[in-house]
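Here is the structure we will look at, set down as structure tokens.
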Amino acid sequence: MKRTSIFLISIIVVTFLSYRIESFEFLLIAIILLLLVFLILLVIISIFKTINPKRFKTPILMLAVGLAGVLASLLRPYDEAILEDGNRSEKLKYAYETDQKDRMQLKSYVLGELNSRDKKRLKQVKEICMQENNLVPIDKFHAAFVYHHSDNSKDYKMAYQLAAAASEAPSLQNRYQVQWLRKAAYDRWMISIGKPEKFNTQGKFSVELN
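Residue numbers (the working numbering): 1084 to 1293.
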């Protein structure tokens, strides 16, 4: 009875945390993989040595809790992809923030919703850039980040131009993300037109930045 209560409480707590905290599911996936490795090792050992079946029970229950948490994360609702009301700076900042938040959620990749949300953000950013010629540096950075998640060389070029302009601003020269984006957008643009990358950024994975 006590074990059952602990199991049920664990499921409730883990599913709640996974539903509420972005990226929590990736921690659960790492734990699940470790549990699977442990179970495989137990199976291998059991071939050569008698093992009490109870040894399998705890990791299997933990595995079930982890899987429940991962499934709960798929039910976590998105924020709106774009901000309908607000000034241009607020809209660009919001688009940048949701761009990053989407990439910190498993459902974006499993359910295939990332592409449509990227297109929605890109459409709004393009409209703003067409209407405004005097974007401040931080606006250019936010716009560039959305542009560089497009799928064509023209947009990658625009991402680089915006990021390069933003990176020259004194207020942003020490911002790692801004300087990184200038290099990454350039490399992505070069690769898209069949040329070699210069800064070797495209072979590096980053949940936060890619």
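Glycine included, every Cβ here is placed at the ideal spot set by N, Cα and C.
Tell me whether residue 1220 sits in a helix, a strand or coil according to DSSP, three-state version.
Helix at residue 1220.
Going by DSSP in three states, residue 1139 sits in which element: helix, strand or coil?
DSSP places residue 1139 in helix when its eight states are reduced to three.
Inter-residue spacing [alpha-carbon to alpha-carbon] between residue 1209 and residue 1108
A direct Cα-to-Cα measurement between residue 1209 and residue 1108 gives close to 33 Å.
Kindly indicate the opening and closing residues of the alpha helix (DSSP H) around residue 1103.
1085 to 1103 is the extent of the alpha helix (DSSP H) around residue 1103.
Pick out the complete alpha helix (DSSP H) segments inside the stretch 1129 to 1173, 4 residues or longer, and give them in chain order.
If we require 4 residues or more, the alpha helix (DSSP H) runs fully inside the stretch 1129 to 1173 come out as 1137 to 1156.
Find the nearest neighbour of residue 1241 within the set 1104, 1277, 1212, judged by alpha-carbon distance.
Out of 1104, 1277, 1212, 1212 has the C-alpha closest to the C-alpha of residue 1241.
Rounded to whole angstroms, what's the CA-CA distance from residue 1105 to residue 1159? Just pull it up for me.
Straight-line measurement puts the Cα of residue 1159 at about 9 Å from the Cα of residue 1105.
Nearest to residue 1117 by CA position, among 1145, 1278, 1206, is which residue?
For residue 1117, the closest alpha carbon among the candidates 1145, 1278, 1206 is that of 1145.
Determine contact between the stretch 1171 to 1189 and the stretch 1133 to 1143, defined as no fewer than three beta-carbon pairs at a distance below 8 Å.
Segments in contact, no.
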